[in-house]
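See below for the structure under consideration.
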Amino acid sequence: VVALIVMFFGMVMEGLPAAIILLPVLFPTARAIGIDPIHFNIVLTAAVGVGLFMPPLGVGLLIALRFGKLSVTQHMPHYMPYFLSLVVGLLIIILIPELTLWLPRAAGLVR
15 VVALIVMFFG MVMEGLPAAI ILLPVLFPTA RAIGIDPIHF NIVLTAAVGV
65 GLFMPPLGVG LLIALRFGKL SVTQHMPHYM PYFLSLVVGL LIIILIPELT
115 LWLPRAAGLV R
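The sequence shown begins at 15 in our numbering and counts up by one.
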């Protein structure tokens, strides 16, 4: 649910302002329910990144389409497999925290 909210914010805003608005609100709740802070921040960053390219309002998507002189409707059939792979990757990161925490653990930063 949090990833969907963050993706929506990433769709209508740039990444840094979205993170600045959402992090103080969501981080204490995530910490209170026992989510690792490093994992939470990686998921937040990835969800904002997916939101930047989420159709139809993603800021990054619209800028890329402007450079290519394409409309959203022209581009969408070709883009959907890539977008779905981004969403699947985000779901994998959310559901398997070890993927994001193995390197910090190897470096001794996380227990």
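We put the beta carbon where it would ideally sit given N, CA and C, even for glycine.
Model, not experiment: these values are computed from the prediction.
| Check | Outcome |
| --- | --- |
| Taking the alpha carbon of Gly103 as the point to measure from, which residue in Lys83, Ala61, Leu36 has its own alpha carbon closest? | Ala61 |
| Any idea what DSSP makes of Phe54, helix, strand or coil? | helix |
| Helix, strand or coil for Glu28, going by three-state DSSP, please let me know. | coil |
| What's the C-alpha gap between Pro70 and Trp116? | 35 Å |
| Considering only their Cβ atoms, is the gap separating Val57 from Ile19 smaller than 7 Å? | no |
| Is Met25 buried or exposed, if buried means 16 or more other CB atoms sit within 10 Å of its CB? | buried |
| For Val16, which of Pro31, Leu30, Leu40 has the nearest alpha-carbon? | Leu40 |
| Beta-carbon separation of Val124 and Ile49 under 7 Å? | no |
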